[in-house]
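To keep things clear, I will list the structure first and then write my remarks on it.
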Amino acid sequence: MEALRLILLYVHLIGFALLLGGGIAQYVSGRLRINAAMLWGAVIQILTGLGLSAPLRDGDEPAPAKLVTKLVLALLIFVMVFFSRKRESVNRGHFLAIIGLTLLNAAVAVFWR
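Everything in the sequence shown is counted per our numbering, starting at 11 for the first residue and increasing by one.
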(Lines of atoms letter the chains of each structure in order from A; the text may use other names.)
(Lines give C-alpha, C1' and ligand atoms only; values in the text may rest on other atoms or scores of the structure.)
Protein backbone atom coordinates (compact mmCIF):
# COMPACT_ATOMS: atom_id res chain seq x y z
CA MET A 11 0.00 0.00 0.00
CA GLU A 12 2.93 2.34 0.60
CA ALA A 13 3.86 2.14 -3.09
CA LEU A 14 0.32 3.17 -4.08
CA ARG A 15 0.42 6.08 -1.64
CA LEU A 16 3.75 7.27 -3.02
CA ILE A 17 2.49 7.06 -6.62
CA LEU A 18 -0.61 9.07 -5.68
CA LEU A 19 1.57 11.62 -3.90
CA TYR A 20 3.83 11.93 -6.97
CA VAL A 21 0.86 12.50 -9.29
CA HIS A 22 -0.61 14.93 -6.73
CA LEU A 23 2.60 16.98 -6.89
CA ILE A 24 2.45 16.93 -10.69
CA GLY A 25 -1.10 18.36 -10.45
CA PHE A 26 0.19 21.09 -8.12
CA ALA A 27 2.99 21.91 -10.56
CA LEU A 28 0.53 22.11 -13.47
CA LEU A 29 -1.85 24.36 -11.57
CA LEU A 30 0.74 26.72 -10.14
CA GLY A 31 3.04 26.65 -13.16
CA GLY A 32 0.18 27.30 -15.57
CA GLY A 33 -1.04 30.18 -13.43
CA ILE A 34 2.37 31.79 -13.11
CA ALA A 35 3.04 31.37 -16.85
CA GLN A 36 -0.21 33.15 -17.67
CA TYR A 37 0.48 35.89 -15.13
CA VAL A 38 3.98 36.54 -16.49
CA SER A 39 2.68 36.62 -20.07
CA GLY A 40 0.31 39.44 -19.12
CA ARG A 41 -2.74 37.65 -20.52
CA LEU A 42 -4.81 36.49 -17.57
CA ARG A 43 -6.83 33.51 -18.69
CA ILE A 44 -7.27 29.93 -17.56
CA ASN A 45 -5.16 27.53 -19.58
CA ALA A 46 -5.43 23.76 -19.97
CA ALA A 47 -2.58 23.12 -17.53
CA MET A 48 -4.47 24.93 -14.79
CA LEU A 49 -7.67 23.00 -15.47
CA TRP A 50 -5.93 19.62 -15.56
CA GLY A 51 -3.90 20.51 -12.49
CA ALA A 52 -7.07 21.30 -10.54
CA VAL A 53 -8.70 18.03 -11.64
CA ILE A 54 -5.61 15.98 -10.79
CA GLN A 55 -5.32 17.68 -7.39
CA ILE A 56 -8.89 16.73 -6.44
CA LEU A 57 -8.75 13.15 -7.70
CA THR A 58 -5.38 12.27 -6.21
CA GLY A 59 -6.21 14.19 -3.02
CA LEU A 60 -9.27 11.99 -2.55
CA GLY A 61 -7.10 8.93 -3.11
CA LEU A 62 -4.51 10.15 -0.62
CA SER A 63 -7.18 10.79 2.01
CA ALA A 64 -8.31 7.16 1.89
CA PRO A 65 -7.25 5.15 4.93
CA LEU A 66 -4.23 3.44 3.34
CA ARG A 67 -1.80 3.86 6.24
CA ASP A 68 -1.55 1.85 9.42
CA GLY A 69 -2.72 4.26 12.09
CA ASP A 70 -0.88 7.30 10.69
CA GLU A 71 -3.91 9.08 9.31
CA PRO A 72 -4.05 12.86 8.86
CA ALA A 73 -6.49 14.81 11.01
CA PRO A 74 -10.03 14.92 9.60
CA ALA A 75 -10.11 18.71 10.00
CA LYS A 76 -7.01 18.98 7.81
CA LEU A 77 -8.57 16.76 5.14
CA VAL A 78 -11.80 18.79 5.12
CA THR A 79 -9.85 22.06 4.92
CA LYS A 80 -7.80 20.79 1.97
CA LEU A 81 -10.92 19.44 0.24
CA VAL A 82 -12.75 22.77 0.59
CA LEU A 83 -9.73 24.67 -0.76
CA ALA A 84 -9.33 22.23 -3.67
CA LEU A 85 -13.02 22.49 -4.55
CA LEU A 86 -12.87 26.29 -4.43
CA ILE A 87 -9.87 26.25 -6.76
CA PHE A 88 -11.56 23.81 -9.14
CA VAL A 89 -14.79 25.83 -9.27
CA MET A 90 -12.87 29.06 -9.87
CA VAL A 91 -10.85 27.45 -12.67
CA PHE A 92 -13.66 25.43 -14.27
CA PHE A 93 -16.28 28.16 -14.55
CA SER A 94 -13.90 30.78 -15.91
CA ARG A 95 -11.97 28.54 -18.34
CA LYS A 96 -13.77 29.78 -21.47
CA ARG A 97 -13.43 33.49 -20.79
CA GLU A 98 -11.02 35.47 -22.94
CA SER A 99 -9.62 37.18 -19.87
CA VAL A 100 -10.12 36.70 -16.16
CA ASN A 101 -10.30 39.46 -13.57
CA ARG A 102 -6.88 40.03 -11.98
CA GLY A 103 -8.22 39.51 -8.44
CA HIS A 104 -9.91 36.25 -9.44
CA PHE A 105 -6.73 35.00 -11.07
CA LEU A 106 -4.54 35.94 -8.11
CA ALA A 107 -7.04 34.28 -5.78
CA ILE A 108 -6.59 31.01 -7.67
CA ILE A 109 -2.81 31.24 -7.26
CA GLY A 110 -3.15 32.28 -3.61
CA LEU A 111 -5.53 29.44 -2.76
CA THR A 112 -3.20 26.99 -4.49
CA LEU A 113 -0.31 28.18 -2.33
CA LEU A 114 -2.51 28.12 0.79
CA ASN A 115 -3.53 24.54 0.03
CA ALA A 116 0.14 23.55 -0.20
CA ALA A 117 0.87 25.40 3.05
CA VAL A 118 -1.89 23.49 4.84
CA ALA A 119 -0.39 20.22 3.61
CA VAL A 120 3.11 21.11 4.78
CA PHE A 121 2.59 23.01 8.02
CA TRP A 122 -0.51 21.38 9.56
CA ARG A 123 0.77 18.41 11.57
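Beta carbons: idealized from backbone N, C-alpha and C, even for Gly.
Keep in mind that this is a model prediction, so the values were computed, not measured.
Under the rule that 16 or more other beta-carbon atoms within 10 Å means buried, what is F105, buried or exposed?
One-based indexing of the sequence shown puts residue 105 at position 95. Counting other Cβ atoms within 10 Å of its Cβ, F105 reaches 16 or more and is therefore classed as buried.
Mind pulling the alpha helix (DSSP H) runs of 4 or more residues that sit fully within the region 27-100?
As for any alpha helix (DSSP H) of minimum length 4 sitting wholly inside the region 27-100, the runs are 46-63 and 74-92, ordered along the chain.
Can you tell me whether DSSP reads R15 as helix, strand or coil?
For the purposes of this step, residue 15 is identified with residue 5 of the sequence shown, where counting begins at 1. Note: R15 maps to helix in three-state DSSP.
Euclidean distance between Cα positions of L14 and I24:
For this step, residue 14 is matched to residue 4 along the sequence shown. For this step, residue 24 is matched to residue 14 along the sequence shown. CA-CA distance, L14 to I24, rounds to 15 Å.
On the DSSP letters alone, give me the boundaries of the alpha helix (DSSP H) that R102 sits inside.
The count along the sequence shown starts at 1 and reaches residue 102 at position 92. It spans R102 to F121 - the alpha helix (DSSP H) in which R102 sits, taken as one unbroken run.
Here's the rule I'm using: 16 or more other beta-carbon atoms within 10 Å means buried, otherwise exposed. How should L30 be labelled?
Here residue 30 is taken as the residue at index 20 of the sequence shown, counted from 1. Buried, by the Cβ-count rule.
Taking the C-alpha atoms as reference points, what is the distance between E71 and V120?
In the sequence shown, residue 71 corresponds to position 61, counting from 1. In the sequence shown, residue 120 corresponds to position 110, counting from 1. Going from the Cα of E71 to the Cα of V120 covers about 15 Å.
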